[in-house]
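Participant: Input: one structure, supplied below.
Residue numbers (our numbering), protein chains in the order written: chain L, 191 to 403; chain D, 13 to 347.
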């Protein structure tokens with residue numbers, strides 16, 4: 191049992207770890223762009239804002255499994271294959287990126303408008319306001335947002351397992367569903383539950399710890 | 013120093029447009045503490061935000077040291093803003109940063125060296141008397157302490173001008189006084205021109221040199237604080253003065269309850285030293301009944317008010333009034 195579970199757990203962690211990094215790298219700048227280009231934003235660009243919003247909404251309306259299949263060619267291009275844990279990171283990252291953008295957008299919007307007004311009155315540049323005011327002030331909320339993203343990615347990665355992504359989801363389906371080894375499935379599910387719980391706990395604790403408000 | 017010419021600001025919301033500031037002209041002198049008072053919605057907040065263009069004026073010009081800031085491009089505006097500090101009603105401190113980091117913020121924007129920042133911030137902390145709160149976070153401070161951090165932060169770059177947008181409105185009266193005396197000290201020691209908007213006459217009374225009274229987007233009265241207290245011309249000015257707690261005689265005294273002539277004297281500190289009322293009694297054949305009196309301590313001097321009932325023949329009373337007027341006392345005949 192352990193021989194089955196450990197490699198799958200490692201695969202899940204590997205997928206979730208890298209797809210979190212890539213989705214945040216993709217989604218965070220998008221979230222910042224969404225906030226600054228909106229009406230009365232720091233860099234008001236209504237057209238760009240509209241286009242970004244439409245793209246994000248479009249990507250978010252795809253069911254994950256379909257998006258993943260649609261992105262097989264991209265995985266092939268980047269990783270060289272469409273099946274396997276590494277290949278799954280591509281669709282996972284891309285499908286989570288718009289979600290990250292929305293989460294970051296709402297975190298950044300929580301920053302007090304007065305603080306931004308003050309920064310402008312001090313003659314801060316837009317990049318300075320983003321890096322020295324918006325992000326640090328929103329950091330506790332950003333951490334909670336990333337926690338949410340990780341948990342979402344654990345769920346997605348389990349689904350990805352069913353189309354050849356590997357990981358705990360794959361294990362549960364292969365053994366639990368196809369071979370009727372309910373015990374393997376239960377173990378896989380329990381591990382996923384523990385994983386989600388601990389990540390949420392860690393995220394909450396960290397956000398709480400750094401929040402000085 | 014600051015010259016505001018024909019400044020207007022309209023807000024357009026769909027088809028409806030609203031004029032928040034209407035054709036305002038003001039000249040603010042260097043080193044002056046200039047108050048702008050008005051009720052909420054009078055346009056004072058919009059006006060002060062036009063000075064550093066946090067609000068873009070619809071028309072008109074604003075000159076700061078002869079530079080028209082309304083014509084500056086974004087980059088020049090940003091650099092000009094570094095010479096204009098600003099404090100706010102709700103302090104607008106960075107909640108996730110310590111007191112030290114908050115005050116260091118404008119300096120770090122400038123890319124100043126770590127040593128310079130450390131030295132300067134320590135100096136500022138001492139100046140606003142918050143050295144022991146250096147590593148506290150804003151949430152651990154009282155309102156007055158927060159505003160002192162905001163003031164230290166606003167003057168860290170040695171600005172020429174300090175704008176206060178209702179800087180004391182969220183504070184209790186005692187804290188307000190200490191913040192006002194800090195602002196006064198800053199003006200005296202650094203020669204910074206301070207423009208403050210407020211709805212509290214106490215603030216104007218306490219530190220302003222001159223005051224503009226705003227109503228519905230317009231400046232309806234502009235004068236030295238002394239003159240406004242002595243002789244308020246508009247109803248708005250009068251009601252602001254009456255809003256001070258010790259100025260409630262107008263509601264208590266009903267002129268029709270008295271037979272004699274009711275007059276209200278307003279006099280500056282210097283006139284108060286002369287026994288003019290007693291002289292008037294001796295010189296003219298009148299009796300005087302004192303109905304109420306008060307004195308307002310202003311920033312530089314005092315303004316006293318006295319409501320008297322003069323009893324005597326019409327001629328004697330008229331003579332007494334003109335005597336008082338000659339003694340540099342402002343006389344308002346209530347009845």
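All C-beta atoms, glycine included, are put in the ideal place defined by N, C-alpha and C.
Determine, for residue 149/D, whether the minimum Cβ-Cβ distance to residues of chain L falls below 8 Å.
Facilitator: Residue 149/D counts as touching chain L.
Participant: Checking contacts by CB at 8 Å: is residue 94/D closer than that to chain L?
Facilitator: Interface residue, yes.
Participant: Measure the alpha-carbon distance for residue 45/D versus residue 311/L and round it to whole angstroms.
Facilitator: Rounded to the nearest angstrom, the two C-alpha atoms are 20 Å apart.
Participant: Between residue 353/L and residue 298/L, what straight-line distance do the alpha-carbon atoms span, to the nearest angstrom?
Facilitator: Cα to Cα, residue 353/L sits roughly 35 Å from residue 298/L.
Participant: Name, please, each residue of chain D whose Cβ falls closer than 7 Å to the Cβ of residue 304/L.
Facilitator: What residue 304/L touches in chain D: 100, 102 and 104.
Participant: Would you kindly work out how many angstroms separate the C-alpha atoms of residue 249/L and residue 79/D, rounded to a whole number?
Facilitator: Approximately 50 Å, taken between the alpha carbons.
Participant: Between 65/D, 127/D, 72/D and 109/D, which lies nearest to residue 98/D when the distance is taken from Cα to Cα?
Facilitator: When only C-alpha atoms are compared, the closest one is 65/D.
Participant: For residue 218/D, count neighbouring Cβ atoms within 10 angstroms of its own Cβ and tell me buried if that reaches 16, exposed if not.
Facilitator: Residue 218/D should be labelled buried.
Participant: On the premise that residue 311/D lies in contact with residue 50/D, defined as a C-beta separation below 8 Å, what is that separation, rounded to the nearest angstrom?
Facilitator: With 8 Å as the limit, residue 50/D and residue 311/D do not qualify as a contact, their Cβ atoms being about 19 Å apart.
Participant: By Cβ distance below 7 Å, which residues in the same chain neighbour residue 259/D in space, the five residues on each side in sequence not counted?
Facilitator: Confidence at residue 259/D is low in this model, with a pLDDT of 49, below 50, so its placement is unreliable and no value can be given for it.
Participant: Run through the segment 229-287 of chain D for me and flag every whole alpha helix (DSSP H) of 4 or more residues, listed as ranges in chain order.
Facilitator: For the segment 229-287 of chain D, whole alpha helix (DSSP H) runs of length 4 or above, ordered along the chain, are 237-242, 247-255, 261-264 and 281-284.
Participant: Looking only at C-alpha atoms, which of 139/D, 47/D, 291/D and 244/D sits nearest to residue 177/D?
Facilitator: Nearest C-alpha to residue 177/D: 47/D.
Participant: Can you tell me whether residue 28/D is buried or exposed? The criterion is at least 16 other CB atoms within 10 Å of its CB, across all chains shown.
Facilitator: Exposed.
Participant: Where does the unbroken alpha helix (DSSP H) through residue 365/L begin, and where does it stop?
Facilitator: Where residue 365/L is concerned, there is no enclosing alpha helix (DSSP H), given that its DSSP letter is neither H nor E.
Participant: Residues in the same chain with beta-carbon distance under 6 Å from residue 314/D, minus the five sequence neighbours each way, listed in chain order, please.
Facilitator: The residues are 281 and 307.
Participant: For a quick check, are the C-beta atoms of residue 162/D and residue 136/D less than 8 Å apart?
Facilitator: In this structure, residue 136/D does not lie closer than 8 Å to residue 162/D by Cβ.
Participant: Classify residue 345/L as helix, strand or coil using the three-state DSSP reduction.
Facilitator: Residue 345/L: helix per DSSP, three-state reduction.
Participant: Among residues of its own chain, excluding the 5 on either side of residue 173/D, which ones have a beta-carbon nearer than 8 Å to its beta-carbon?
Facilitator: Counting only Cβ-Cβ distances below 8 Å, and skipping sequence neighbours, we find 13, 14, 63, 76, 95, 96, 97, 204, 205, 206 and 207.
Participant: My guess is that residue 242/D and residue 342/D are in contact by the Cβ rule of under 8 Å, so how many angstroms apart are they, rounded?
Facilitator: Going by Cβ atoms, the distance from residue 242/D to residue 342/D rounds to 5 Å, so yes, they are a contact pair.
Participant: Are the Cβ atoms of residue 247/D and residue 345/D separated by less than 8 Å?
Facilitator: Cβ atoms of residue 247/D and residue 345/D: not closer than 8 Å.
Participant: Check each candidate in 69/D, 271/D and 130/D and name the one with the smallest Cα separation from residue 113/D.
Facilitator: That would be 130/D, whose Cα lies nearest to the Cα of residue 113/D.
Participant: On the DSSP bridge list, what partners appear for residue 15/D?
Facilitator: Per DSSP, 39/D and 75/D.
Participant: Assuming residue 74/D and residue 167/D are in contact, meaning their beta carbons sit under 8 Å apart, how far apart are those beta carbons, in whole angstroms?
Facilitator: Between residue 167/D and residue 74/D the Cβ distance is about 21 Å, and since that is not below 8 Å, they are no contact.
Participant: Smallest Cα separation from residue 198/L: which of 396/L, 348/L, 387/L and 392/L?
Facilitator: Measuring from the Cα of residue 198/L, the nearest candidate turns out to be 348/L.
Participant: Within the chosen definition, does the segment 256-271 of chain L reach the segment 334-343 of chain L through at least 3 CB pairs nearer than 8 Å?
Facilitator: No: fewer than three Cβ pairs fall under 8 Å.
Participant: By Cβ distance, which residues of its chain are closer than 8 Å to residue 337/D, with the 5 residues on each side in sequence left out?
Facilitator: The answer, listed in chain order, is 343.
Participant: Where DSSP assigns a beta bridge to residue 139/D, which residues make up the other side?
Facilitator: Beta-bridge pairing links residue 139/D to no other residue.
Participant: Determine the chain D residues that contact residue 314/L at a beta-carbon separation under 7 Å, and present them in chain order.
Facilitator: Ordered by position in chain D, the residues that pass the 7 Å Cβ test against residue 314/L are 121.
Participant: So is residue 259/D in contact with chain L if we call contact Cβ pairs under 8 Å?
Facilitator: Summary for residue 259/D: the model assigns pLDDT 49, below 50, so the residue's position carries little reliability; its value from the coordinates is reported in the next sentence. False, the Cβ-Cβ gap to chain L never drops below 8 Å.
Participant: Which residue wins for smallest C-alpha separation from residue 315/L, given the options 128/D, 134/D and 123/D?
Facilitator: If we check each option's Cα against that of residue 315/L, 123/D comes out closest.
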